[in-house]
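S.K.:
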Amino acid sequence: ILSDLPELPLAESFALTEAYNLDTFPEKVNLGQGVYRDEECQSWVLPSVRSAEEFLHQQHLNHEYLPIPGAAPFIKEAQNLVFGPQLAQKENIRSVQTVAGTGANHLAALFCARYLRPKNVFISDPTWDNHQLIWETAGPGIERKLYPYYDPSTRSLHFDGMTAELENSAEENDVVILHACAHNPTGIDPTQTQWKKIAEIVAKKRLFVVFDSAYQGFASGDPDADAWAIRYFYSTFFGDASLSTSAIPAGMIVCQSFSKNFGLYGERIGALHLITPPSVSPWGAYTHLVRLIRSEISCPSLFGARCVHTILTDLDLRSKWIEDVKTMASRIQSVRTSLKSELENIGAQGDWDYIERQIGMFSYTGLSKIQVHRLKQVHHIYMLENGRMSLSGLNGNNVAYVARAIKDVVDR
Ligand code: PMP
Numbered sequence: 175i176l177s178d179l180p181e182l183p184l185a186e187s188f189a190l191t192e193a194y195n196l197d198t199f200p201e202k203v204n205l206g207q208g209v210y211r212d213e214e215c216q217s218w219v220l221p222s223v224r225s226a227e228e229f230l231h232q233q234h235l236n237h238e239y240l241p242i243p244g245a246a247p248f249i250k251e252a253q254n255l256v257f258g259p260q261l262a263q264k265e266n267i268r269s270v271q272t273v274a275g276t277g278a279n280h281l282a283a284l285f286c287a288r289y290l291r292p293k294n295v296f297i298s299d300p301t302w303d304n305h306q307l308i309w310e311t312a313g314p315g316i317e318r319k320l321y322p323y324y325d326p327s328t329r330s331l332h333f334d335g336m337t338a339e340l341e342n343s344a345e346e347n348d349v350v351i352l353h354a355c356a357h358n359p360t361g362i363d364p365t366q367t368q369w370k371k372i373a374e375i376v377a378k379k380r381l382f383v384v385f386d387s388a389y390q391g392f393a394s395g396d397p398d399a400d401a402w403a404i405r406y407f408y409s410t411f412f413g414d415a416s417l418s419t420s421a422i423p424a425g426m427i428v429c430q431s432f433s434k435n436f437g438l439y440g441e442r443i444g445a446l447h448l449i450t451p452p453s454v455s456p457w458g459a460y461t462h463l464v465r466l467i468r469s470e471i472s473c474p475s476l477f478g479a480r481c482v483h484t485i486l487t488d489l490d491l492r493s494k495w496i497e498d499v500k501t502m503a504s505r506i507q508s509v510r511t512s513l514k515s516e517l518e519n520i521g522a523q524g525d526w527d528y529i530e531r532q533i534g535m536f537s538y539t540g541l542s543k544i545q546v547h548r549l550k551q552v553h554h555i556y557m558l559e560n561g562r563m564s565l566s567g568l569n570g571n572n573v574a575y576v577a578r579a580i581k582d583v584v585d586r
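Below, the structure written as structure tokens:
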């Protein structure tokens with residue numbers, strides 16, 4: 175059987191980076207991979223992270239194993255960041271350290287596949303491409319269903335399609351994956367009123383919610399605002415133990431990544447928070463998570479946990495970090511404004527307002543595969559085939575070039 179294995183393509187965003195690196199054209203632009211770049215389009219170590227690194231270096235720390243669920247002081251701070259100090263540290267929230275957001279999503283899928291055993295997992299259409307692969311790998315018996323998310327005619331959330339699909343097709347115990355903020359790739363989030371309606375459906379149908387939180391703080395510059403939906407779901411359904419099990423979701427997991435909001439991409443630091451309904455023993459469920467971790471990675475890695483913990487527990491570093499996320503969020507916002515005005519100024523066909531309405535790392539441009547291909551072949555501009563553009567690759571020097579190239583591909 176091994177001899178029949180076909181060669182598979184590399185994941186698209188990684189393949190784009192490789193192709194971009196090989197391209198010798200001087201004006202090339204990388205709008206592929208979702209990584210923050212500064213105004214010079216260079217990798218940016220957050221000043222708060224740099225200070226934490228220096229502090230940690232001076233401590234002459236050892237390199238012993240962490241416990242299987244991870245570093246307890248880090249996990250406590252990770253909980254505080256997601257849930258806020260009022261809701262965190264509750265009996266029904268059990269948390270573990272993970273190998274970044276991907277590891278959290280993978281562990282969530284593994285845990286659900288083994289112990290929840292849903293018939294279906296509902297994934298937004300479109301979504302971060304790894305959701306499909308993760309659930310295919312970790313939950314092979316679970317059917318992956320797409321719920322409508324994006325309406326190309328209005329370039330906004332396909333709210334009616336999303337809610338109708340969950341209302342009509344989801345069954346009790348099914349999993350629904352929701353992006354906590356800065357939806358990847360569309361950059362479109364539900365409003366608070368829409369989140370409340372989604373919460374109602376999820377509770378009524380007794381679904382299991384997996385919140386994927388990869389951009390807390392990065393999206394708006396305010397980590398509390400970006401955690402609103404998660405905190406709303408938690409306090410509405412799980413904050414009050416007297417609520418009847420029939421009125422709440424089957425459970426909830428939050429997959430938390432520190433890759434973008436701390437710029438710790440390669441350190442692979444994240445957390446998984448499991449919220450159990452009153453009918454389930456939080457401690458029992460937690461021990462099963464721990465067992466899965468033992469079989470997968472034995473125990474997680476040290477550096478990212480130390481770094482995040484140092485920043486979140488030191489008042490000065492924490493406020494420095496808040497400045498850092500604001501710097502990233504506001505640079506992306508200003509890039510949105512300049513791209514939109516460049517396109518308008520040169521008279522590129524179309525309504526470009528949506529670029530400013532979307533939030534987070536990406537703009538979902540609606541460009542076709544053919545147009546994306548031409549951007550790459552003719553203009554050396556690299557972005558995903560589905561039209562997703564990572565805005566951090568733009569700056570004052572290249573935005574006019576990119577706008578002219580977009581005009582070329584949309585006007586023909
Ligand atoms: N979920 C979403 C929606 C993402 O966009 C990403 C990063 N692209 C992740 C999870 C995982 O990121 P990481 O594993 O690098 O923390």
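Throughout the sequence shown, residue numbering follows my numbering, covering 175 to 586 in sequence. The C-beta atom is built at its ideal place from N, Cα and C for all residues, glycine as well.
1) From this set, Thr419, Asn358, Glu518 and Ala185, which residue's C-alpha is nearest Ile580's C-alpha?
2) I need the DSSP call for Val454, collapsed to helix, strand or coil.
3) Go to Gly444, then tell me how far its beta strand (DSSP E) extends in each direction, as first and last residue.
4) So is the beta-carbon of Thr276 under 7 Å away from any non-hydrogen atom of ligand 1?
5) Rank Glu310, Leu255 and Leu290 by C-alpha distance to the C-alpha of His280 and give the top, closest one.
6) Nearest to Gly244 by alpha carbon, out of Cys473, Ser537 and Pro314?
7) Tell me the residue span of the beta strand (DSSP E) that contains Met426.
8) Alpha carbons only, please: which of Ala312, Ala246, Asn294 and His353 is nearest the one belonging to Gln271?
9) Counting only runs that start and end within the segment 352–392, where is the beta strand (DSSP E) found for 3 or more residues in a row?
10) Would you say the beta carbon of Gly395 is closer than 7 Å to some non-hydrogen atom of ligand 1?
11) Per DSSP, which one or two residues make a beta bridge with Thr272?
12) Cβ of Ala577 within 7 Å of any heavy atom in ligand 2?
13) Could you give the C-beta distance for Ala503 and Ala393, rounded to a whole number, given that I count them as a contact under 8 Å?
14) Taking all protein chains shown into account, do 16 or more other C-beta atoms lie within 10 angstroms of the C-beta of Tyr323, making it buried, or fewer, making it exposed?
15) Under the criterion of a Cβ to heavy atom distance below 7 Å, does Gly444 qualify as lining ligand 1?
16) Please say whether Ala424 and Pro452 have beta carbons closer to each other than 8 Å?
17) Determine the DSSP secondary structure at Pro397, reduced to helix, strand or coil.
18) Let's test the definition: count the other Cβ atoms within 10 Å of the Cβ of Phe543 and tell me whether it reaches 16, buried, or not, exposed.
19) From this set, Gly570, Val219 and Ala193, which residue's C-alpha is nearest His554's C-alpha?
20) Would Val509 be called buried (16 or more neighbouring beta carbons within 10 Å of its own) or exposed?
21) Report buried or exposed for Ile529, applying the criterion of at least 16 other Cβ atoms within 10 angstroms of its Cβ.
22) Take Glu201 as the anchor and find which of Leu568, Arg318, Asp525 and Asn304 has the nearest alpha-carbon.
23) Just to confirm, are Ala312 and Ala287 a CB contact at a threshold of 8 Å?
24) Using the beta-carbon count (16 or more within 10 Å), is Trp302 buried or exposed?
25) Is Asp386 near ligand 1, judged by its Cβ being under 7 Å from some heavy atom?
26) May I have the straight-line CA-CA distance separating Gln507 from Phe407, to the nearest angstrom?
27) Is Leu261 closer than 8 Å to Arg465 when the C-beta atoms are compared?
28) If you measure from the CB of Trp302, is any heavy atom of ligand 1 nearer than 7 Å?
29) Indicate the three-state DSSP secondary structure (helix, strand or coil) for Lys319 in the structure shown.
30) Please identify the residue among Ser566, Arg442, Ile533 and Arg586 whose C-alpha is closest to the C-alpha of Leu549.
31) My guess is that His357 and Asp363 are in contact by the Cβ rule of under 8 Å, so how many angstroms apart are they, rounded?
32) Going by other Cβ atoms of all chains shown within 10 Å of its Cβ, with 16 needed for buried, is His234 buried or exposed?
33) Can at least three beta-carbon pairs, one atom from the segment 556–564 and one from the segment 205–213, be found at a separation below 8 Å?
34) Shorter than 7 Å, the distance from the beta carbon of Tyr324 to the closest heavy atom of ligand 1, or not?
35) Specify, as a first and last residue, the run of the beta strand (DSSP E) that Asn294 falls within.
36) Nearest by alpha-carbon distance to Ile443: which of Asn294, Leu476 and Leu340 is it?
M.R.: If we stick to the structure as given:
1) The candidate whose alpha carbon is nearest that of Ile580 is Glu518.
2) It is coil, neither helix nor strand.
3) It spans Ile443 to Ile449 - the beta strand (DSSP E) in which Gly444 sits, taken as one unbroken run.
4) Yes, the beta carbon of Thr276 sits closer than 7 Å to at least one heavy atom of ligand 1.
5) Checked all of Glu310, Leu255 and Leu290; the closest Cα to His280 is Glu310.
6) For the residues Cys473, Ser537 and Pro314, the minimum Cα distance to Gly244 belongs to Cys473.
7) Run containing Met426: Gly425 to Ser431, per the beta strand (DSSP E) assignment.
8) The residue from Ala312, Ala246, Asn294 and His353 with its alpha-carbon nearest to that of Gln271 is Ala246.
9) Runs of beta strand (DSSP E) with 3 or more residues, each lying fully within the segment 352–392, are found at 382–387, listed in chain order.
10) No, Cβ of Gly395 sits at least 7 Å from all heavy atoms of ligand 1.
11) Gly444, per the DSSP bridge assignment.
12) By its list of ligands, the structure shown excludes ligand 2, since it contains just ligand 1.
13) A Cβ-Cβ separation of about 7 Å places Ala503 in contact with Ala393 under the 8 Å criterion.
14) Counting every other CB atom within 10 Å of its CB across the protein chains shown gives Tyr323 a total of 16 or more, marking it as buried.
15) Taking 7 Å as the cut-off, one finds at least one heavy atom of ligand 1 near enough to the beta carbon of Gly444.
16) In this structure, Pro452 lies away from Ala424, with their beta-carbon atoms at least 8 Å apart.
17) The DSSP-derived three-state label of Pro397 is helix.
18) One point to set straight first is that residue 543 is Lys, not Phe, in the sequence displayed. Flag for Lys543 reads exposed.
19) With distances taken between Cα atoms, His554 lies closest to Ala193.
20) With at least 16 other beta carbons inside 10 angstroms of its own, Val509 counts as buried.
21) Classification for Ile529: buried.
22) Comparing Cα-Cα distances from Glu201 to each of Leu568, Arg318, Asp525 and Asn304, the minimum goes to Leu568.
23) When the beta-carbon positions are compared, Ala312 and Ala287 come within less than 8 Å of each other.
24) Answer is buried; the Cβ neighbour count reaches 16.
25) Yes, since a heavy atom of ligand 1 falls inside the 7 Å radius drawn around the Cβ of Asp386.
26) For Gln507 and Phe407, the distance between alpha carbons rounds to 28 Å.
27) No, they are not a contact pair.
28) Trp302 Cβ: within cutoff of ligand 1.
29) Correct three-state label for Lys319: strand.
30) It is Arg586.
31) Indeed, because the Cβ distance is near 6 Å, the residues count as touching under 8 Å.
32) Looking at its Cβ environment, which holds fewer than 16 other Cβ atoms inside 10 Å, His234 is exposed.
33) They touch, by the three-pair rule.
34) No - ligand 1 has no heavy atom lying nearer than 7 Å to the Cβ of Tyr324.
35) Boundaries of the beta strand (DSSP E) around Asn294: Asn294 to Asp299.
36) For the options Asn294, Leu476 and Leu340, the alpha carbon positioned closest to that of Ile443 is the one of Leu476.
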